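Participant: Quick note, the sequences are listed as chains A and B, same order. So the number in my numbering is just where the residue sits in the first sequence, counting from 1, plus 1. So the number in my numbering is just where the residue sits in the second sequence, counting from 1, plus 501.
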Amino acid sequence: MSKVYLSYNNITSPLGFDSETVVKNIHHQKSGLRLINDKNILPVPFYSAIIPSKDVSNDFERLNISGDFTRLEKMMISSLSKVIKASNKPLTDRTGLIISTTKGNIDVLDKNSTFSKERANLSTLGKVIKNTLGFKNETIVVSNACVSGILSVAIAKRYINQGIYDDVFIVSGDMVTKFILTGFNSFQALSDTLCKPYDKDRTGVNIGEAIASVLVTNDKNELPNEAVVILGEGASNDANHISGPSRTGEGLCRSIESACKEAKVTSSDIDYISAHGTATLFNDETEAIAFNKLDMGDIPLNSLKGYFGHTLGASGLVETIIGMHSLYNNTLYASLGFDKHGTSKPLNIITKTTTKPLDIFIKTASGFGGCNTAAIFKKIK
Amino acid sequence: MKSEFRIKSFCHVKNNTISFNGSVIYENLESPDFLAFAKAAYRNFDIKYSKFFKMDGLSKLALLASDVILKNEHLDSQKENNIAIVFSNKSSSLDTDRKHQSSIEDADNYYPSPAIFVYTLPNICIGEISIKYKLHSENSFFIFDSFNAEHLLNYSNSLLSIGKADEVLCGWVEYNGTTYEAFMYLVSKEGITQHTKQDIIKLYTI
């Protein structure tokens with residue numbers, strides 16, 4: 002089977018509109034999270050990382066594309082078009098398009114939205130992105146809760162290995178909306194402070210928004226410096242609960258084992274874990290149990306939620322792209338918000354941004370519906 | 502085109518009727534809507550999943566259809582059953598999304614609930630089926646404008662050929678509050694029907 006690579010990439014977030022700027026801000030431990038007090042969105046103040054609408058419009062207007070687009074569509078089109086341009090790849094019948102999102106244009110359901118309610122259909126979002134950017138094949142929309150972003154990478158690789166496509170562009174994104182915040186708040190899952198993944202005093206998630214785009218390709222020529230090869234991936238369901246992780250970390254363990262088996266690596270080969278770390282009591286505890294079961298408790302680990310908040314369907318891809326840059330820069334980025342150990346099993350949390358030779362990292366994610374996904378990447382240059 | 506994999510069984514749930522491998526196994530033409538139909542069908546098949554009554558329409562539809570197929574497999578829950586679940590539809594979880602939306606639209610009538618919000622993701626129905634049948638397998642939910650046999654074919658072939666799954670429960674589960682339709686089939690190494698795009702479409706349109 003030919004090798005599959007993660008190539009050109011973009012992150013559009015409150016920390017910048019390209020991956021390099023975002024990585025630089027993370028290096029300086031700058032967070033996109035702010036306290037927001039807007040009773041139209043949530044009755045109580047909340048921390049969130051939101052992309053200023055003015056910046057979204059400015060970035061989109063550079064493209065000179067006419068038409069009526071939602072905020073999410075503008076961000077997805079801008080982000081993806083940058084990756085297409087950088088890659089210099091023609092969009093042919095051998096090019097796939099995957100959109101990874103949990104809620105897409107859900108804000109059009111609001112009574113004040115000027116868009117038709119039909120725009121909330123994820124297949125409509127798929128058509129808008131495909132037609133605007135000129136893709137030939139029908140969009141594959143992946144909506145699998147908070148593993149969507151990393152699962153999309155696995156799906157793209159499988160499509161390429163299956164011989165269907167040579168290149169697959171993925172754009173992942175979700176927005177901070179009243180819909181999402183009120184829902185997480187009803188679960189009492191929102192933290193009223195900046196989120197503190199794996200910390201003893203963690204009290205829950207901050208929701209953020211981001212768009213991430215990447216080219217997945219079997220073409221080993223013309224890769225950017227930060228490109229990685231996908232060594233293995235796997236997904237597994239907890240088969241335990243629809244809104245909480247399994248206490249034993251069953252699905253997460255199985256997904257990591259599946260990825261390691263395919264990658265032919267063991268825990269001692271892995272230099273860095275880009276974990277999920279939502280900062281809820283149960284999620285972080287489950288991850289600690291799972292990583293320890295697999296003898297991975299001493300591998301340097303971070304959660305990037307302290308920088309972006311939890312960006313839902315985008316998070317897995319955003320964090321994978323940071324991981325690519327982490328390998329290339331030989332730098333482990335601090336897990337923002339962590340002070341005191343707060344899980345029953347030990348984890349090697351990265352407390353300070355440090356340089357270290359890095360070769361292989363694993364990205365893991367878990368989500369509602371009991372889903373878990375893991376993928377292992379190795380640097381090329 | 503010949504395929505190395507086969508379709509072992511298939512199920513339709515539509516028009517107040519449930520059929521298995523093309524034969525009607527249950528109908529309740531008097532049911533006024535899907536939820537009434539689903540309740541009657543659940544009792545008829547004695548499914549035994551007490552959470553059924555708390556689930557949203559999409560999960561009820563997916564569970565009913567997969568129960569018909571998986572019951573026939575007589576799975577031993579003590580053993581590892583590596584059956585991946587790959588579902589798709591057009592309307593995602595929009596029916597439940599609209600319910601959550603109406604609970605937050607008006608400050609004077611504000612009642613967001615975690616019991617509703619958790620179902621605002623289409624893959625929750627896969628979680629329910631995984632719990633009911635103890636399947637720790639690969640799962641993914643895709644959204645397309647209409648039934649996309651080619652995608653389901655490619656993706657399930659990929660899972661089977663790289664050994665991520667032994668069998669794949671595949672299908673279309675569309676529920677938008679007023680209309681519903683489920684078509685599910687089990688892809689395996691054995692079975693009477695070939696696993697090709699033409700065969701999938703033929704079974705879908707029965």
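Idealized CB from N, CA, C, for every residue including glycine. No experiment lies behind these values; they were computed from the predicted model shown.
Could you pull out every residue in the same chain whose Cβ sits closer than 7 Å to the Cβ of B:Leu595, ignoring the five residues on either side in sequence?
Facilitator: So the list reads Asn677, once near-sequence residues are dropped.
Participant: A:Val230 by DSSP, collapsed to three states: which one?
Facilitator: Three-state result, A:Val230: strand.
Participant: Alpha carbon to alpha carbon, how far is B:Ile693 from A:Gln30? Give it in angstroms, no decimals.
Facilitator: Cα to Cα, the separation comes out at about 59 Å.
Participant: Look at the Cβ atom of B:Lys665, then the Cβ atom of B:Ala608, and state whether they are nearer than 8 Å.
Facilitator: No; because the gap between Cβ atoms is not below 8 Å, this pair is not in contact.
Participant: Between the C-alpha atoms of A:His28 and A:Tyr9, what's the straight-line distance to the nearest angstrom?
Facilitator: If I take the Cα positions, the gap works out to 20 Å.
Participant: Going by C-alpha distance, which of A:Asn145, A:Ile243, A:Asp193 is nearest A:Leu123?
Facilitator: Comparing Cα-Cα distances from A:Leu123 to each of A:Asn145, A:Ile243, A:Asp193, the minimum goes to A:Asn145.
Participant: Would B:Leu622 pass as an interface residue toward chain A - the criterion being a Cβ-Cβ separation below 8 Å?
Facilitator: Yes, B:Leu622 lies at the interface with chain A (some Cβ there is under 8 Å from its Cβ).
Participant: Name the two residues that bound the continuous beta strand (DSSP E) containing B:Lys515.
Facilitator: Element bounds for B:Lys515: 507-515.
Participant: For A:Asn303, list the residues DSSP reports as bridge partners.
Facilitator: Per DSSP, A:Ser275.
Participant: Should A:Asp345 be labelled buried (16 or more other beta-carbon atoms within 10 Å of its own) or exposed?
Facilitator: Contrary to the premise, residue 345 of chain A reads as Ser rather than Asp in this sequence. Classification for A:Ser345: exposed.
Participant: Would B:Thr679 be called buried (16 or more neighbouring beta carbons within 10 Å of its own) or exposed?
Facilitator: B:Thr679 should be labelled exposed.
Participant: Give every residue of the same chain whose Cβ lies closer than 6 Å to the Cβ of A:Leu16, excluding the five residues on either side of it in the sequence, and list them in chain order.
Facilitator: So the qualifying residues of the chain are Val23, Asn26, Gly33.
Participant: Go to A:Ala366, then tell me how far its beta strand (DSSP E) extends in each direction, as first and last residue.
Facilitator: Taken as a continuous stretch (DSSP letters only), the beta strand (DSSP E) holding A:Ala366 covers 361-368.
Participant: Using a Cβ cut-off of 7 Å, pull out every chain B residue sitting near A:Phe369, in sequence order please.
Facilitator: Those are Val619, Leu622, Ile625, listed as they occur along chain B.
Participant: Tell me, please, whether the CB atom of A:Leu110 is closer than 8 Å to any CB atom in chain B?
Facilitator: True, the Cβ-Cβ gap to chain B drops below 8 Å.
Participant: Alpha carbon to alpha carbon, how far is A:Thr356 from A:Asp272? Give it in angstroms, no decimals.
Facilitator: Spanning the two alpha carbons is a distance of roughly 12 Å.
Participant: Measuring only the C-alpha atoms, how far is B:Lys690 from B:Phe506?
Facilitator: Each residue's alpha carbon lies about 5 Å from the other.
Participant: Give the straight-line distance between the Cα atoms of A:Val319 and B:Ala537, rounded to the nearest whole angstrom.
Facilitator: Each residue's Cα considered, the two are about 43 Å apart.
Participant: Report yes or no: is there a C-beta of chain B within less than 8 Å of the C-beta of A:Gly307?
Facilitator: So, not an interface residue.
Participant: Could you tell me the alpha carbon to alpha carbon distance between A:Leu295 and A:Leu73, rounded to whole angstroms?
Facilitator: Looking at the two C-alpha atoms, the distance is approximately 38 Å.
Participant: May I have the straight-line CA-CA distance separating B:Cys512 from A:Thr103, to the nearest angstrom?
Facilitator: Distance between the alpha carbons of B:Cys512 and A:Thr103: 28 Å.
Participant: So with CB distances below 7 Å, who are the chain B contacts of A:Leu152?
Facilitator: Those are Ser641, listed as they occur along chain B.
Participant: Where do the ends of the alpha helix (DSSP H) carrying A:Cys254 lie?
Facilitator: From DSSP, the alpha helix (DSSP H) with A:Cys254 extends over 251-264.
Participant: Using a cut-off of 8 Å between C-beta atoms, extract the partners of A:Ser124 located in chain B.
Facilitator: Going along chain B in sequence order, the residues near A:Ser124 (Cβ under 8 Å) are Lys591, Ile644, Phe645, Asp646.
Participant: Under 8 Å, Cβ to Cβ, is there at least one residue of chain A near B:Ser638?
Facilitator: With 8 Å as the cut-off, B:Ser638 counts as an interface residue toward chain A.
Participant: How would you write the range of the beta strand (DSSP E) that B:Cys671 sits in, first residue to last?
Facilitator: Unbroken beta strand (DSSP E) run through B:Cys671: 668-676.
Participant: Which same chain residues end up closer than 6 Å to B:Ile702 when comparing Cβ atoms and leaving out the 5 residues on each side of it in sequence?
Facilitator: Only Ala650 meet the Cβ criterion.
Participant: Have a look at the DSSP bridge pairing and note the partners of A:Met76.
Facilitator: None; A:Met76 has no bridge partner.
Participant: Which residues, taken in chain order from the region 228-253 of chain A, show a beta carbon closer than 8 Å to some beta carbon of chain B?
Facilitator: Residues Gly235, Ala236, Ser237, Asn238, Asp239, Ala240, Asn241, His242, Ile243, Ser244, Glu251, Gly252.
Participant: Could you check whether the Cβ of A:Ala146 sits closer than 8 Å to any Cβ belonging to chain B?
Facilitator: By this cut-off, A:Ala146 is an interface position.
Participant: Does any CB atom of chain A fall closer than 8 Å to the CB of B:Leu595?
Facilitator: Cβ-Cβ to chain A under 8 Å: yes for B:Leu595.
Participant: Along the chain, where does the beta strand (DSSP E) that runs through A:Gly174 open and close?
Facilitator: Looking at the DSSP string, the run of the beta strand (DSSP E) that includes A:Gly174 is 168-175.
Participant: Can you pull the chain B neighbours of A:Gln163, defined as C-beta to C-beta under 7 Å?
Facilitator: Here the neighbours are Asn655, Asn658, Ser659.
Participant: Assign A:Ser117 to one of two classes, buried (16 or more other C-beta atoms within 10 Å of its C-beta) or exposed (fewer than that).
Facilitator: Answer is exposed; the Cβ neighbour count stays below 16.
Participant: For the alpha helix (DSSP H) holding A:Met384, just list the boundary residues, first then last.
Facilitator: Because chain A is modelled from 2 through 382, residue 384 of chain A falls outside the range shown and cannot be assessed.
Participant: Nearest to A:Phe70 by alpha carbon, out of A:Asn89, A:Arg203, A:Gly105, A:Arg95?
Facilitator: When each option's Cα is compared against that of A:Phe70, the closest is A:Gly105.
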